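To start, the structure under review is shown below, and the notes come after it.
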Amino acid sequence: MPAIAPNELDPKPLSDKGELTDVAREHHTVLDALESRDADAVERIMGEHIRQARGRWAKPAE
Numbered sequence: 001m002p003a004i005a006p007n008e009l010d011p012k013p014l015s016d017k018g019e020l021t022d023v024a025r026e027h028h029t030v031l032d033a034l035e036s037r038d039a040d041a042v043e044r045i046m047g048e049h050i051r052q053a054r055g056r057w058a059k060p061a062e
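By full-length UniProt numbering, the letter at position 2 of the sequence shown is numbered 2, and the numbering carries on one by one without gaps.
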């Protein structure tokens, strides 16, 4: 995965974008998978969480 350059990041806080609930839900899903010791699920869920995070932090198209 290529890194996101700092000038490509959206500085608007997640709370301002109304995404904190979604992020918290994702974190709980990750923790549930870790607690179940399901390595395949952890890998899949973390991959999706990272993709979502990259999308959240990327600047919106102008």
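Ideal Cβ placement from N, Cα and C applies to all residues, glycine included.
A quick note: this is a predicted structure, and the numbers were derived from the prediction, not measured.
Can you give me the Cβ contacts of residue i inside the same chain, cut-off strictly under 7 Å, excluding the 5 residues immediately before and after it?
i	result
His-49	Glu-26, Val-30
Ile-45	Thr-29, Val-30, Ala-33
Determine the extent of the alpha helix (DSSP H) in which residue i is found, giving its start and end residues.
i	result
Gly-55	39–57
Glu-26	20–35
Rounded C-beta distance between residue i and residue j? I'm assuming under 8 Å.
i	j	result
Gly-56	Glu-19	Inspection of the sequence shows that residue 56 is occupied by Arg rather than by Gly. Contact holds; Cβ gap of about 6 Å.
Skipping 5 residues on each side, what residues in its chain have a beta carbon closer than 8 Å to that of residue i?
i	result
Val-42	Val-30, Ala-33, Leu-34
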